[in-house]
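Residue numbers (my numbering), protein chains in the order written: chain A, 140 to 392; chain B, 140 to 392; chain C, 140 to 392; chain D, 140 to 392; chain E, 140 to 392; chain F, 140 to 392; chain G, 140 to 392; chain H, 140 to 392.
Everything on this sheet refers to the single structure shown next.
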């Protein structure tokens, strides 16, 4: 409500066309209404670039199919479905052209787009058991248009394997480092790379890992720089953020 | 010797201006740590771009002065000193040209460089008491060559203040969102912006905030996308990562 | 025998319609627990206004039916059954006129009374997965005689949806704000509304939400005023308290 | 300009006593934050009814004085200053008419207004050591225009003392129950009263109370109904919410 | 061989009824564990007074039967089996005279002995859902020869019910107070009684009770005196300790 | 209010001598009032046997003196003051005949009474640093009339020292086992003794003892029988409970 | 790259045989590559002495068989498979010569080698329910060539049983002490033995053991010397480390 | 008491020389007494090899001097004093020949013995701020007769520095790996070395390191083999255990 509109309103009050209490409500709520919200909500309907996403956990297979069909009809884009049960995949796959990844329980309706990011995203894991989270991150990044280099099972207990891929690490634009247990991979990669590192703690492990807490704390306390952390097992969040960073354009000249 | 300097040296060798044996000496006298490893360790001696950094906590004023002097003499770059006591600042300031910021306890020796990042970094806080952490982040970003927009005290309990700055939020290249207590600022900003958001939980608050745990968990669980989290009160880490992202160049054509 | 019934009885004694010895018998046959103690214990047998409640968790279907039948026979009031399994609902429904809500696993025997509260209760959720808890709160409020406005999936990651309902927020007498993950909804609503806000953390989420702890701490640390918190997933408690506040009468003139 | 003042202004416009252009000027000179946003942010500048509040923690005595003076000059209302050190009180008291309460470290500039709430607020504590938090709650409630009944040291280890005040409990409109250690007071009061109970855990105790965690968890898990909880030691928040509930008007006929 | 049996044996040696070498054999064939160490280990083979106990959790039905048969044959005493599945009960019941309590999953082989304790043990619970733990405690106490008074569902949310049994509380020799959720029952009883109170937190509840932690902390922090706490859900431990206290004899004159 | 009194009241209502609303209030509040509370509150004014107790923590020296003087004048009994600073001791000692124990910061006004318990109380500690808590327990027990045997520094890392006192352990009527760090002492003693063992975890230690949590959890999980636990560092509570058990009389013949 | 190689490289740059940018890459990545990593990663393919190990958890039976077959073919060594389900054991056993231990869910393909360690490894447990973890440790140690002495169910609640085996304790070269609940066994053994003690907390227990946390903290805080701790339930890790210590050779003369 | 002694005792009972009750006592207490405890308690009086140790924390300077003098007089060995304040060092140094290390607050009376261990102990730290704990470990190891190689500030954020010392890592007999923050050093070293690694988490760091918890959990969850963990900041314990392992002799031929 700009100065003029406010003046009009007040004159309508003075003229009796608008009641004071109605004007009161209008003035009180106006500022909120005029906010220009830029972005829709995540993980339930992101629509950036070319992909839509459905967070499958807690949804019935019928709900997933219905939402996916609506998205497909409306916009003909790729639809990413995370945390989707095998049963739901079979159900949805009967009606739509679905590619389903067992390991990460991720479904993709439509084509994975041609990569259009600036560089490459490296997705690295400490162990093989971190792969489900890694694939969720990698597929998310691919669906959002990124070239992804997978470095799996390169944890610090066998660091030579990580070293074999030093060029990938050194030439990445952004790295997603995924590890459970002691989560040291993020620090080690952060100590070598000079690009942003997104650390994903996983709940892989047992005993004093307390559902991923050990890796989470380890990553938050990393003494290497350029590292930030997302929620435990949040492969989607890491893949999405990595894509966002990989699509940042340079200076306009 | 950073990557660029090493490249220059090698080109001078190729061009005959520098003899191999002299280059050898130069490389070897800064063994390993100067050999082009992308990065030294954080918070104790990063040397990317034009700045050096000293992590002041746990160091005596004499130690800080000595390290700073060595850095200044050797390379004549800007030196950033974080977590520096007022007493140390006075001691160092007697010998070196130090600018000291009381609030964040940050010292800077030398000139803050002209910004050379791609866009602007917004540093936002929920309340005035988060400002010490915010200034550590903002000064770090400035020292690494970034233009910084400060939006302080724009927490969700008075969201109209945040809305007054919606253009800053929408046009940032990267945002550092700093909040204690319930840490909701990161989610709200993450729900509006479409650039990477680095969330910094602070230990500000009392009772069930448990030294920053409430804000930390809140930020990790944010349902907005594009958010990642650094350690509680880690303004430096956020500023450094923001600078790294803000200096990412676009595609080479 | 509730407060009102006891008062009626005593007035009938005073008026001569009921003999003291008959009143004595009536009072004594419901020893202590029926004697006007303001309230029986919660979640197992509240009898305020017109509703009875049975906390279904941990009870067999036979127990639930038996208790419900006794309540129905004795007083012919509405009976609310929370945390009731589908199996129990089918069993009870065979003998009694039961309305069962799958989502919140809440059963209602008898009619939902006509609202007699002072204003409206807004029940808002951050996401769709918070709806089971929200429906428990909303149905509880309805059974206790309140008009309920449901605002579901208005979380901070898509704040425009919340803004679309700003009039509901601004005109509510009491708001129940339900959210899992980072629990920011309570703070955002608390920052806009000027009525009491009852925050309900939910266990929705994964990883570092630690069964609802993240939302709980976030809500307890809210820097907005007028907010208080109930137990994780405690929709009943929030609906009951909201009803209590909504039935507070104004000053007697 | 609070809600009531804005309403008055609009009615004067409607009635012709104030010209629209003058009203426009008045509204615009207090841009946004004075425009009827239901509420400013808590603990740093609430202006509902007749009081202003300054959250003293983390502010210098000079800052407190300056803010208080601005408030006093501008509006001549009562100013409440919470978490104020004795030293700050002496400094502010030299320039302003300050009443300072040592126990709760609360300062009040100006007169405590005549109570205008609907009923009485009972503030009860488990022990004498909970009194600082209780006085913060009680003084907050008084400053916002409430009649307060103090029941201190009525904890469950000596329940006869609580019983001596059963009439106060039964006739309260809202109760603030404050306790450290095992926090049982809230449940016991909640089991007796039939009005809303705001529970405040305190950090009083030692050993396994873990800074108030024991009382917090106890209160959140209370099996009595009508109870909600605020942050540990948050007397202000409880007093403010109690006042809000106590000022709720009844139905408009 | 308990202390008494060893004494008898030695007296028979002294009196010539038993030859030293026979006594030697008898003592040595039950090496160490039978030699008068006051007590064997708990929950797996206590033999005080007249009962044996088998901790059923983690044992197969075959193992339980085998151990129970050995105990029965050898000594013809009562055998208590805790945490015994229904299936195991049916299996054991086919071979031995077993009384099985469904609620607490406790089995008893043989007769419950006539009470020979000094006074009565009161076992009180906050709610009906604490009854499984309570029955484990009560049956344990009975098997060890105690008269038990059960006061179930007398929690603080409906304190009148507790009050109906004030004489039982006041005349008990030792009280076992069992409660989940906020665990206030122990404090309230501890504030009334002047005998030892053994508090048993239960894992009953949901949300922020964190598997019994809320009740545990509450009980440990009780400000009433004469209270001590055993592990969460440890009905056996409480019943055993209560029996031990109830069998303490007075001074010998 | 018994049947007769209620009948009288109702007849007075019928006769018009008592108004229905007055009768209502009388009936509602009576049951609470008629409770015969047996005991005053702990740690602030216990008056069992011959001692009074003042919990010194959080009280000024003037308050302590005033309370102590009132107690002395009124009843001429022994007064126990726990958690009393040296400064307060000097202040109180100037006016009253005070014995002050530096180690446990316990003060005693008046004579320690002649022991009149049934047996002996053993107070055992794992290390010398647990002695402050132990002395609080031991002095409390002595003040309440018990003979105390002190076994200090008999922790499991040097078990021979514990073994040297096996007779004391075997002949105690009740044992207070005090230990920090791993808290194993309680289990070891519980495995040897056949009397009640009250375990007191202490906050002694560093690192992962987390303020006594390690010893607390260890003691709660003890697999020995007859053990119960009080709060961390709660020497008073243990001494009081031990005295209560030691004064239990045997059967009356 | 030693001094000479670097000199050569630089001369090749000077001579034009190597381009500066190639030299740059070679210098940057070389140091990592030349590391002589000594050991592969644990629990997924250790190859020290004569055994291979497969961590079975999270692997399908087909994967386990395939890995095991490859190992057997390649090297003809013993293969240890930990955390292997019964179902997987049956599947693998159909193709390979597998010995499967039900209790610890450990499979062994091939012969257990003749012990070649320096001394004996004692594996002791507090209770019978700790035996699965103990057998994992013991079988691991045997597979790596150690003589193992099993002392099961020697917990502190019945310490005489531990004492029966004092000679084993005193003559061990290294002891693995395994206990759940209060974890006191490690301290007691550590107080008696003068060899390294590896403590393994187990998740055995209930209530406040919090999945092994109680035993873990207890063991970390042990006041006995020579003790170190591995992860909860990590029998393999303890057995492996014990073997490593037991194979340390003495001084070479 | 062996078989023969027991036989003698029984014959004395038979012969009347020993009363049955005396025999009873003798039999009951004997087994505990005859234990040959091998070792005194740690950290308060270890006497293995040539050194004595005093744990200085919580002891007055006078106590420390007195204990140290007694040790020196009695045995003329080296005395190690850990956690000793500077003030205490000055006081003790006035009477005894004390070497005091400021950094680790460790004092040594007498000569550090000539190393007599089998190999070398490497003490490595992640950062310079871990050095106090490292020096406690290193000096402890030296006092017990070990050759120590110090590798300080070789954390994973600058791994080249660790690589410079790969030979030390590879040739150590036992390694003490000390790190705060994310504690990754232990895993990285554990992944390279093939000797036992003792990990020491330190409380160095801030925010979500929670007093060392992050490093502790990280180390416990290490996926490298051969690692075990001691308490946070427990340099002494690590040094002692390292010495124990380094003094293990090889097989006797």
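Just so it is clear, CB atoms sit at the ideal spot from N, CA and C, and this is done for glycine as well.
Please read all numbers here as calculations on a predicted model, not as lab measurements.
The ligand ADP heavy atom lying under 7 Å from the CB of residue 246 (chain F): Looking at this structure, you won't find the ligand ADP or any other ligand, since it has none at all.
For residue 145 (chain A) and residue 221 (chain A), the rounded distance between their alpha carbons: 47 Å
Where residue 267 (chain C) sits in the DSSP three-state scheme: helix
Residues bridged to residue 246 (chain H) (per DSSP): H:220, H:239
Proximity test, Cβ basis, 8 Å: residue 211 (chain A) and chain B: no
Partner residues on chain B for residue 291 (chain A), Cβ-Cβ distance less than 8 Å: Per Cβ cutoff of 8 Å: no residues; residue 291 (chain A) is ~22 Å from chain B at best.
Selection of the segment 343 to 371 of chain H by Cβ proximity to chain F, strictly under 7 Å: 351, 355, 370, 371
Through-space distance from residue 192 (chain F) to residue 240 (chain F), alpha-carbon basis: 15 Å
Cβ pair residue 339 (chain B), residue 373 (chain B) closer than 8 Å: yes
Option nearest residue 295 (chain H) by Cα separation, candidates A:337, A:331, A:348: A:331
Residue 318 (chain H): first and last residue of the uninterrupted beta strand (DSSP E) it sits in: From DSSP, the beta strand (DSSP E) with residue 318 (chain H) extends over 313 to 318.
Which listed residue (F:324, F:309, F:310) has its alpha carbon closest to that of residue 426 (chain F): In the structure as shown, chain F starts at 140 and stops at 392, and residue 426 (chain F) therefore has no counterpart that could be examined.
Buried or exposed (CB count within 10 angstroms, at least 16 for buried), residue 234 (chain C): exposed
Whole-angstrom distance between residue 385 (chain F) and residue 307 (chain F), CA atom to CA atom: 15 Å
Test: residue 321 (chain E) CB closer than 8 Å to a CB of chain D: yes
Chain B contact for residue 268 (chain H) (CB, 8 Å cutoff): yes
Backbone CA spacing between residue 281 (chain A) and residue 293 (chain A) [nearest angstrom]: 21 Å
Limits of the unbroken beta strand (DSSP E) element including residue 368 (chain H): 366 to 368
Limits of the alpha helix (DSSP H) - the one that residue 347 (chain B) falls within: Neither: residue 347 (chain B) is in no alpha helix (DSSP H) and is coded neither H nor E.
Status (buried if at least 16 other CB within 10 Å, exposed otherwise) for residue 162 (chain E): buried
8 Å Cβ cutoff met for residue 260 (chain H) and residue 217 (chain H): No, these two residues do not count as a Cβ contact at 8 Å.
Assigned exposure category for residue 269 (chain H) - 16 Cβ within 10 Å defines buried: buried
For residue 251 (chain C), the three-state DSSP class (helix, strand or coil): coil
Closest Cα partner of residue 342 (chain G) within the set A:276, A:347, A:254, A:342: Comparing Cα-Cα distances from residue 342 (chain G) to each of A:276, A:347, A:254, A:342, the minimum goes to A:347.
Outcome for residue 393 (chain H) when other beta-carbon atoms lying within 10 angstroms are tallied against a minimum of 16: Outside the displayed span of chain H (140 to 392) sits residue 393 (chain H), for which this structure offers no information.
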